[in-house]
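Asker:
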Amino acid sequence: MARKQFGFQQLRNALRTLGYILFMYLFSISLTFYNKWFLQRFHFPLSVSVVHYAMVFVSTALLRLLWEIWSEKKRIILPWSLYLKRVLPTAIASALDIGCSNWSLMYITVSLYTMTKSTSVIFILMFAIAFGLEQWNFSLVAIVFLIASGLFLFTFESTAFSAEGFVLALLASGLSGLRWTLSQILTQKQELGLHNPLDTLYHLQPFMTLTIIPLAFYIEGEKLAVSPKLFAAPDSHVIWVTVSMLLFGGFLALMISISEFLLLSHTSSLTLSIAGIFKEICILSLATEFAGDKMTMVNFFGLVLCLCGISVHVVTKATKEAESVKVIEMTNGGIELKELLKEYTGASDYEDDEFELNIYGKR
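Residue numbers (the UniProt record's numbering): 1 to 363.
(1) Alpha carbon to alpha carbon, how far is V312 from F127?
(2) Count the other CB atoms, across all protein chains shown, that sit within 10 Å of the CB of N13; report buried if there are 16 or more and exposed otherwise.
(3) Is I147 near I310, with beta carbons less than 9 Å apart?
(4) Please return the same chain residues whose Cβ sits closer than 7 Å to the Cβ of I283, not counting the five positions on each side in sequence.
(5) Helix, strand or coil for E260? Go by DSSP, reduced to three states.
(6) So for L15, helix, strand or coil by DSSP?
(7) Is it right to say F166 is buried, meaning 16 or more other beta carbons lie within 10 angstroms of its own, or is it exposed?
(8) Please report the straight-line C-alpha distance between V144 and S183, rounded to a whole angstrom.
(9) Of the residues G99, V304, I219 and V226, which one's Cα is nearest the Cα of M208?
(10) Look at the Cβ atom of Y34, then the Cβ atom of Q205, and state whether they are nearer than 9 Å.
(11) I256: buried (16+ other C-beta within 10 angstroms of its C-beta) or exposed?
(12) Please classify A163 as buried or exposed, where buried requires at least 16 other C-beta atoms within 10 Å of its C-beta.
(13) Would you check if the distance between the CB atom of L151 and the CB atom of S118 is smaller than 9 Å?
(14) Take L153 as the anchor and find which of V304, I122 and S139 has the nearest alpha-carbon.
(15) Taking I21 as the reference, which of Y202, F261 and T242 has the closest Cα?
(16) By how many angstroms is the C-alpha of I212 removed from the C-alpha of L11?
(17) Considering only C-alpha positions, which residue in the set G177, R64, A275 and L26 is nearest to I129?
(18) Measure the alpha-carbon distance for L46 versus W70 and round it to whole angstroms.
(19) Which class does R64 belong to by DSSP, given the choice of helix, strand or coil?
(20) Relative to the C-alpha of F38, which residue among N299, W240 and G249 is closest?
(21) Please report the straight-line C-alpha distance between W44 and T319, rounded to a whole angstrom.
(22) According to the Cβ coordinates, are M55 and A275 closer than 9 Å?
(23) Verify whether the separation of the beta carbon atoms of L140 and T316 is less than 9 Å.
(24) Short of 8 Å in beta carbon distance, which residues of its chain neighbour S120, apart from the five on each side in sequence? Order them along the chain.
(25) Where N102 and L65 are concerned, what is the direct C-alpha to C-alpha distance, given to the nearest angstrom?
(26) If you drop the 5 nearest sequence neighbours on each side, which residues of the same chain put their C-beta closer than 6 Å to that of Y350?
(27) Could you give the uninterrupted runs of the alpha helix (DSSP H) lying entirely in the segment 95-146, keeping only those of 4 residues or more?
(28) Would you report the Cα separation of A169 and M106, rounded to the nearest angstrom?
(29) Buried or exposed for K279, going by 16 or more other Cβ atoms inside 10 Å?
(30) Which one of L82, W67 and S81 has the shortest CA to CA distance from R75?
(31) Does DSSP put I310 in a helix, in a strand, or in coil?
(32) May I have the straight-line CA-CA distance separating A233 from S244, to the nearest angstrom?
(33) Give the DSSP-derived three-state secondary structure of Q10 in the structure shown.
(34) Which of helix, strand or coil does DSSP assign to L192?
Have a look at this one:
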């Protein structure tokens, strides 16, 4: 009976994870192609980002309010000390990542954008090494070499290559590595209580909006003020069309934000890495088939090298996680005893040392 319940639980968890991944795929791929299409007609990527951030904040604030009314429970609001220390760095990195990503789509193809953004794996590893979470070894060198070589070959003699767009996408990739490293800490720290994506987005979006507004005003403000697509439109119909397209993009941004944080807070980074590989393959296939992106044999070989590098990263993480599980299983008896005593005596996490002294004797 216990085995059947365990099997059912495993199946339910697997289906839930698959649902989160498909949910993310749908809106992530849609937003990539929609932004590419829209920004070819409305050349204000930073202003578009501001609208998206503001719309996500208003939507999450409204959903939180409805949730509070329905459940009769208050949602979490972090104190300013924690907000500035934990949320602000993540918000700044997220705002600049998305802003630079949108900006780069004005200059480069979806294929080159996707490949360049896939190098965020390198930056995640670099941040892990910088923070002392990883050490240089052969597998890390191989990962960096494969991805960097693949990206070079993918851009080699590309007819649609733009240095400006490539640099913006590469900058966004670096910021993405920092963004998701900080986001995982933010959503999985139990004491912060931000494991629900609505709460996470509600706290992130205000500073994301404030981060990008000065840049949008400085870079795009004057041109936006005289744009025939918005403020200098010949009639109200043009304005309504532009606003409707902005709001639709904001809806996609809201859904992808919720899906990303759902997946991040309920799965491991290994699952995210594997899901990311297949998402990139889907985007590249669609871009080549329907968006008119061209790919030579050299470019294709670069794609294979880059995906191999990401795959090596995934295998390395899987091996490390398997080793960690073995260590936990070896000490499982002591852990279970400790947790059982804590459960029946009501001890808190801050009393761990006292329990260890009681269970294992004085150290």
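Here a beta-carbon is modelled for each residue, glycine too, at the ideal position from N, C-alpha and C.
Answerer: Concretely, from the data shown:
(1) As a first step, residue 312 is located in the sequence shown; it is residue number 312 there, counting from the start. As a first step, residue 127 is located in the sequence shown; it is residue number 127 there, counting from the start. F127 has its alpha-carbon roughly 18 Å from the corresponding atom of V312.
(2) Residue numbering aside, residue 13 sits at position 13 when the sequence shown is read from its first letter. Its Cβ having fewer than 16 others within 10 Å, N13 is exposed.
(3) As a position in the sequence shown, residue 147 is number 147, starting the count at 1. As a position in the sequence shown, residue 310 is number 310, starting the count at 1. Yes, Cβ-Cβ distance for I147 and I310 is below 9 Å.
(4) Residue numbering aside, residue 283 sits at position 283 when the sequence shown is read from its first letter. Within the same chain, and ignoring the five residues on either side of I283 in sequence, the residues whose Cβ sits closer than 7 Å to its Cβ are I29, T32, V110 and T114.
(5) For the purposes of this step, residue 260 is taken as residue 260 along the sequence shown, with counting starting at 1. Of the three classes helix, strand and coil, the one that applies to E260 here is helix, per DSSP.
(6) Indexing the sequence shown from 1 puts residue 15 at position 15. The answer is helix: DSSP assigns L15 an H, G or I state.
(7) On the sequence shown, position 166 is the one that residue 166 refers to. Buried.
(8) Within the sequence shown, numbered from 1, the residue matching residue 144 stands at position 144. Within the sequence shown, numbered from 1, the residue matching residue 183 stands at position 183. Answer to the nearest angstrom: the Cα atoms are 23 Å apart.
(9) Against the sequence shown, residue 208 aligns to sequence position 208. Nearest C-alpha to M208: G99.
(10) Here the question's residue 34 lines up with position 34 in the sequence shown. Here the question's residue 205 lines up with position 205 in the sequence shown. No; because the gap between Cβ atoms is not below 9 Å, this pair is not in contact.
(11) As a working mapping, residue 256 is identified with position 256 in the sequence shown. I256 comes out buried.
(12) Numbered from its first residue, the sequence shown carries residue 163 at position 163. That one is exposed.
(13) Taking the first residue of the sequence shown as 1, we reach residue 151 at position 151. Taking the first residue of the sequence shown as 1, we reach residue 118 at position 118. Cβ atoms of L151 and S118: closer than 9 Å.
(14) Residue 153 sits at position 153 when you count from the first residue of the sequence shown. With distances taken between Cα atoms, L153 lies closest to V304.
(15) As a working note, residue 21 is residue 21 in the sequence shown. Ranking Y202, F261 and T242 by Cα distance to I21 puts F261 first.
(16) Within the sequence shown, residue 11 is the residue found at index 11, counting from 1. Within the sequence shown, residue 212 is the residue found at index 212, counting from 1. In a straight line, the C-alpha of L11 is about 43 Å away from that of I212.
(17) Here residue 129 refers to the residue found at position 129 when the sequence shown is read from its first residue. That would be G177, whose Cα lies nearest to the Cα of I129.
(18) Locating residue 46 in the sequence shown gives position 46, counting from the first residue. Locating residue 70 in the sequence shown gives position 70, counting from the first residue. Rounded to the nearest angstrom, the two C-alpha atoms are 36 Å apart.
(19) Indexing the sequence shown from 1 puts residue 64 at position 64. Here R64 sits in helix by DSSP.
(20) Within the sequence shown, residue 38 is the residue found at index 38, counting from 1. Looking at the Cα atoms, G249 is the closest of the given residues.
(21) Working through the sequence shown from its first residue, we reach residue 44 at position 44. Working through the sequence shown from its first residue, we reach residue 319 at position 319. According to the sequence as given, residue 44 is Phe; it is not Trp. Computed Cα separation, rounded: 44 Å.
(22) Taking the first residue of the sequence shown as 1, we reach residue 55 at position 55. Taking the first residue of the sequence shown as 1, we reach residue 275 at position 275. Going by C-beta atoms, M55 is not nearer than 9 Å to A275.
(23) One-based indexing of the sequence shown puts residue 140 at position 140. One-based indexing of the sequence shown puts residue 316 at position 316. It is a contact, given that the beta carbons lie within the stated cut-off.
(24) Here residue 120 refers to the residue found at position 120 when the sequence shown is read from its first residue. The answer, listed in chain order, is S173, G174, S176, G177 and W180.
(25) Translated into the one-based positions of the sequence shown, residue 102 becomes position 102. Translated into the one-based positions of the sequence shown, residue 65 becomes position 65. Straight-line Cα distance between these residues: approximately 30 Å.
(26) Sequence index remark: in the sequence shown, residue 350 carries index 350 (1-based). The pLDDT assigned to Y350 is 40, lower than 50, so where the model puts this residue is not dependable; a value taken from the coordinates is nonetheless given after this. Excluding the 5 residues flanking it on each side, Y350 has no same chain C-beta neighbour closer than 6 Å.
(27) Here the runs fully enclosed are 110-117 and 120-130.
(28) For this step, residue 169 is matched to residue 169 along the sequence shown. For this step, residue 106 is matched to residue 106 along the sequence shown. Cα to Cα, A169 sits roughly 11 Å from M106.
(29) Indexing the sequence shown from 1 puts residue 279 at position 279. The Cβ neighbour count for K279, taken over all protein chains shown within 10 Å, is at least 16; the residue is labelled buried.
(30) The count along the sequence shown starts at 1 and reaches residue 75 at position 75. Comparing C-alpha distances from R75 to each of L82, W67 and S81 shows the shortest one belongs to W67.
(31) Here residue 310 is taken as the residue at index 310 of the sequence shown, counted from 1. Three-state DSSP puts I310 in a helix.
(32) Here the question's residue 233 lines up with position 233 in the sequence shown. Here the question's residue 244 lines up with position 244 in the sequence shown. Their Cα atoms are separated by approximately 14 Å.
(33) Start at 1 with the first residue of the sequence shown, and residue 10 comes out as number 10. In this structure, Q10 counts as helix in the three-state DSSP scheme.
(34) For this step, residue 192 is matched to residue 192 along the sequence shown. Coil, per DSSP.
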